[in-house]
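Whatever position you read off the sequence shown (first residue = 1), add 35 for this note's numbering.
All residues carry an ideal CB built from backbone N, CA and C; glycine is no exception.
Working notes, structure below.
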Amino acid sequence: MGWAMNNIKILIVDDQTLMRDGLKTILDLEDNMEVIGTAKNGQEAIERCRLSSLDLILMDIRMPVMDGVETTKIIKRLYPQIIILILTTFNEDDYIIDALTNGASGYILKDIQGDDLIKSINDAYKGSFMLPSEVAIKIAKRLTNATIVTQEQKKGLKDFSEREIEIAKMIVFGFNNKQIASSLYISEGTVKNYISNIYSKLGTSDRMAAALTIKKALNM
């Protein structure tokens with residue numbers, strides 16, 4: 036394995052020994068990745084962050100002692116530079132929005148192929164937001180079911196229509212245009228038009244800047 040200065044230093048956090056060992060085996064084969072340790076719960080993960088210099092954490096959600104959502108919240112507060120990718124299964128969508136709100140950089144499904152895992156880590160390290168389409172659809176359903184827009188939120192984005200606020204929320208949660216389109220059953224062209232209007236109203240053409248402004252305005 037290479038030991039270049041730009042190795043991505045990774046911590047694997049999962050309460051299942053087999054999962055930890057399997058992920059470590061896959062990642063240790065990569066020249067630009069270095070698994071600096073593993074942890075079996077959130078408390079151990081926080082301790083490892085204190086002792087080691089880390090770039091990225093693969094974080095399980097359901098764990099004893101401290102779950103992945105609470106751990107993500109604490110680590111992002113103490114070490115905001117660390118990228119956290121949540122390891123999830125299909126039946127854990129209750130936790131998804133919580134972890135994203137607390138600073139996770141996306142989700143990886145536990146049945147992911149090895150090559151896709153490597154690509155996801157590399158992409159997240161470069162700043163991309165990782166959101167599998169299957170997970171995006173689940174989040175969209177939750178958001179759509181909770182699309183009652185409060186008066187306070189309308190005040191935060193006073194010129195926005197309810198549909199624009201719905202799409203604005205999805206931008207905050209990292210949805211790309213294709214995922215927004217498929218989740219709302221509209222065309223990508225229509226999504227682009229909505230986003231163009233949103234950018235115009237916010238006075239920006241940068242998606243990340245828009246997301247930050249929307250998050251603040253909606254108090255998310």
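Chain C contact for residue i (CB, 8 Å cutoff)
i      : result
Ser140 : Going by chain labels, chain C is absent from the structure shown, which holds only one protein chain.
Member of the options whose CA lies at the smallest distance from the CA of residue i
i      : options                        : result
Ile147 : Lys44, Met54, Asp241           : Met54
Tyr160 : Asn76, Asp90, Glu201, Glu199   : Asp90
Leu166 : Lys193, Gly149, Phe210         : Phe210
Tyr233 : Glu199, Gln214, Ala216         : Residue identity differs from the one stated: residue 233 is Ile in this sequence, not Tyr. Nearest C-alpha to Ile233: Glu199.
Gly149 : Thr60, Ile117, Ile96, Arg242   : Thr60
Met243 : Ile81, Leu64, Ile206           : Ile206
Leu253 : Asp56, Val48, Glu79, Lys204    : Lys204
Leu64  : Lys193, Ile153, Ile132         : Ile153
Asp151 : Leu62, Lys111, Glu223, Asn41   : Leu62
Tyr130 : Glu201, Gln78, Asp102, Glu82   : Asp102
Asn228 : Leu192, Glu79, Thr52, Ile202   : Ile202
Leu192 : Glu105, Val104, Ser168, Leu247 : Leu247
Nearest-angstrom beta carbon gap, residue j and residue i [assumed within contact, 8 Å]
i      : j      : result
Thr136 : Met255 : 6 Å
Thr107 : Ala134 : 5 Å
Tyr18  : Val170 : For the chain, the structure presents residues 36 to 255; residue 18 sits outside this window and is missing.
Phe195 : Ile174 : Contact doesn't hold; Cβ gap of about 20 Å is too wide.
Ile172 : Ser218 : 6 Å
Glu223 : Lys213 : 6 Å
Ile81  : Ile109 : 6 Å
Same chain only: Cβ atoms within 6 Å of residue i, ignoring 5 sequence neighbours per side
i      : result
Thr239 : Ala245
Ile221 : none
Ala139 : Thr107, Ile119, Ile121
Val226 : Asn212, Ile215, Ala216
Arg83  : Leu46, Gly72, Ala74
Ala39  : Caution is warranted here: a pLDDT of 44 is assigned to Ala39, below 50, making its placement in the model unreliable, and the coordinate value is therefore given only provisionally. Closer than 6 Å at the Cβ level, and outside the excluded window around Ala39, lies no residue.
Same chain only: Cβ atoms within 8 Å of residue i, ignoring 5 sequence neighbours per side
i      : result
Ile145 : Sequence check: residue 145 is Lys here, not Ile. Answer for Lys145: Met54, Leu122, Thr123, Thr124, listed in chain order.
Asp50  : Lys75, Asn76, Asp95, Arg97, Met98, Pro99
Gly37  : Annotation note: pLDDT 42 at Gly37 (below 50); position unreliable, no value reported.
Lys44  : Glu69, Ile71, Ser87, Ser88, Leu89, Asp90, Leu91
Ile5   : Nothing about residue 5 can be reported from this structure: the residues present for the chain run from 36 to 255 only.
Asn41  : Asn67
Tyr114 : Cys84, Leu89
According to DSSP, residues forming a beta bridge with residue i
i     : result
Lys44 : Glu69
Nonlocal neighbours in the same chain, by C-beta distance under 7 Å from residue i, ignoring five residues either side
i     : result
Ile47 : Arg55, Leu58, Lys59, Val70, Thr73, Leu93
ask   = Can you list the beta strand (DSSP E) stretches of 3 or more residues lying completely in the segment 46-72, in chain order?
value = none
message = Extract the residue ranges of the alpha helix (DSSP H) inside the segment 122-168, only unbroken runs of 4 or more that lie entirely within it.
response = 128-136, 149-160
query = Which runs of the alpha helix (DSSP H), 4 residues or longer, sit entirely within the segment 69-126?
reply = 77-86, 103-113
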